[in-house]
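Residue numbers (the working numbering): 493 to 694.
All C-beta atoms in this analysis are idealised placements derived from N, C-alpha and C, irrespective of residue type, glycine included.
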């Protein structure tokens with residue numbers, strides 16, 4: 493039997509890392525298909541911004557060592573994710589949410605959290621051409637020493653690509669198939685400038 497409050501506290505402790513408290517905490521929501529490079533971008537954003545990271549996959553594995561990925565499990569995972577995000581924001585911790593977020597109804601839950609906590613929302617869509625994603629998945633499969641992994645992940649990628657919906661809010665875009673450092677730095681500067689302006693008003 494799961495206990496939501498205990499799970500939320502445990503995940504919050506493990507997600508804080510070296511996060512910096514801010515007078516005007518914010519949400520960075522990542523959106524992108526598997527294999528486009530979200531986790532790599534997320535690590536770099538965390539380093540540059542000093543924000544906490546709440547990663548849906550990491551939360552799932554922490555809560556369910558043998559995950560089933562069924563609807564009930566996923567609903568609970570995101571209940572914990574959203575609760576952790578809200579708690580951090582109320583404490584003054586900026587949050588990066590690392591999840592695919594390809595459906596608008598899933599993103600709407602994050603919009604509501606940001607609005608409910610009075611936190612600015614910065615949405616970053618991460619993309620890469622399909623051929624680049626396929627090559628990356630094949631490389632990961634080779635690194636794991638198996639042949640089933642890239643096939644399975646490619647099938648998941650294609651299914652999610654077919655169901656992906658346009659983002660209903662203003663957002664930034666980074667294509668990870670080339671050198672994206674300048675684009676990432678512009679995104680970071682946008683966040684820092686907006687945060688500094690808000691903090692000066694408080």
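Query, Result
"Presumed contact (8 Å Cβ cut-off) between residue 652 and residue 559, rounded CB distance", "Not a contact, Cβ separation roughly 17 Å."
"First through last residue of the beta strand (DSSP E) which encompasses residue 664", "664 to 667"
"Boundaries (first-last residue) of the alpha helix (DSSP H) holding residue 692", "673 to 693"
"C-beta contact flag for residue 609 and residue 581 at 8 Å", "yes"
"Proximity below 8 Å, CB of residue 578 to CB of residue 542", "no"
"Beta-carbon proximity of residue 666 to residue 616, cut-off 8 Å", "yes"
"For residue 649, the three-state DSSP class (helix, strand or coil)", "helix"
"Extent of the continuous beta strand (DSSP E) run through residue 545", "544 to 547"
"Extent of the continuous alpha helix (DSSP H) run through residue 595", "It is not in any alpha helix (DSSP H) - residue 595 carries neither H nor E in the DSSP assignment."
"Cβ neighbours of residue 639 in the same chain (closer than 6 Å, five flanking residues each side left out)", "Confidence at residue 639 is low in this model, with a pLDDT of 49, below 50, so its placement is unreliable and no value can be given for it."
"Residue 509 burial status per 10 Å Cβ neighbour count (16 or more: buried)", "exposed"
"Boundaries of the alpha helix (DSSP H) in which residue 574 is found, first to last residue", "563 to 583"
"Straight-line Cα distance separating residue 574 from residue 620", "27 Å"
"Any chain B beta carbon closer than 8 Å to residue 519", "Looking for chain B here will not work: only one protein chain is present."
"Burial state of residue 524, where buried means 16 or more other Cβ atoms lie within 10 Å", "buried"
"Classification of residue 685 by the beta-carbon crowding that lies within 10 angstroms, buried from 16 upward", "exposed"
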